[in-house]
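Per our numbering, the sequence shown runs over residues 1034 to 1272.
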Amino acid sequence: MNGIILAIESSGDGGGAAVLRDGEVLSEIEVSGARKHGSELMPCIDKACVDAAINRSDVDAIAVNCGPGSYTGLRIGMATASAIGYALDKPVVGVPCFDAMVLQYVMADDFDVALKRELWPVLDARRNEVMTARFEYDNGNCERASGDKLVEPAKLHEESAHQAIVFGTGVPPYEGVFSHEHLFIDKREFALKPASVALQAYRQLADIDDPANIERTLVEPRYFRRVLAKTIEERANEV
């Protein structure tokens, strides 16, 4: 799709906003610190538009990371995207977190494009589990090979059929637990960029020739489990 995409990323500690036109990133503004989406996301959006020399009304679609990720962060980002979309009468496009993570990973300058590997982006789900999905990369072609899933880090190798790369913010808490002969654990710090959300949205909309043809659907967050807090009634039922 040719046009202007305003992208919002708020699934983790960082995040911010980016503006993309016809596949080219025009601007990207990130929050200044961890978990500052509530106070800084709108200023990031405004600054991204200014830096891209556009008005909000010029935007053809709003893209937002729809998860998985931080419960609070996702809610802030998706509420913001929905409000902007409603105010401008523009479509909101949900971008799956793992797809954007993989796109950013394979577009890095140091990534070996000649590889044939599985890619497993991981996020810490706590309770000794990671959120992840399997992607298959083969000499420049990358395809999602599974849905999102919860996996015990020690059992991730059982889900993998080939040599695999594991990366993401879920690596540090379980670095030693992932170990297996056909898993390469990328220990480098990873932070998903707003521009990667924009680029993934652009790919998702590649077959749409006119922004007016984007389907107007309610974008739902991709949660794995309910918030951990239990109601008094739920606790009573466990007795």
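Where a beta carbon is used, it is the ideal one built from N, C-alpha and C, also for glycine.
The structure presented is a predicted model; accordingly, all values stated were derived computationally and were not measured.
- If one requires a minimum length of 4 residues, the alpha helix (DSSP H) runs lying completely within the segment 1115-1158 are 1130-1139, in chain order.
- Taking C-alpha positions only, V1252 is separated from D1240 by approximately 19 Å.
- Contact check for A1197 and K1182: beta-carbon distance about 14 Å, past the 8 Å limit, so the pair fails to qualify.
- CA-CA distance, S1103 to G1045, rounds to 6 Å.
- Boundaries of the alpha helix (DSSP H) harbouring A1081: H1070 to D1084, taken from the DSSP string.
- DSSP places V1184 inside the beta strand (DSSP E), whose first and last residues are K1182 to V1184.
- Boundaries of the alpha helix (DSSP H) around Y1235: P1227 to Q1237.
- Put simply, the backbone Cα of G1056 is about 7 Å away from that of N1035.
- Here T1250 is exposed. Its C-beta has fewer than 16 other C-beta atoms within 10 Å.
- Contact annotation: E1073 and K1226 have beta-carbon atoms that are not nearer than 8 Å.
- Leaving aside the five residues that flank S1229 on each side, the residues in its chain whose CB is nearer than 6 Å to its CB run, in chain order, A1133, L1136 and Q1137.
- When the beta-carbon positions are compared, H1070 and I1109 come within less than 8 Å of each other.
- CA-CA distance, V1092 to K1149, rounds to 38 Å.
- Counting only residues of its own chain and dropping the five nearest sequence neighbours on each side, G1180 has a CB closer than 8 Å to the CB of A1166.
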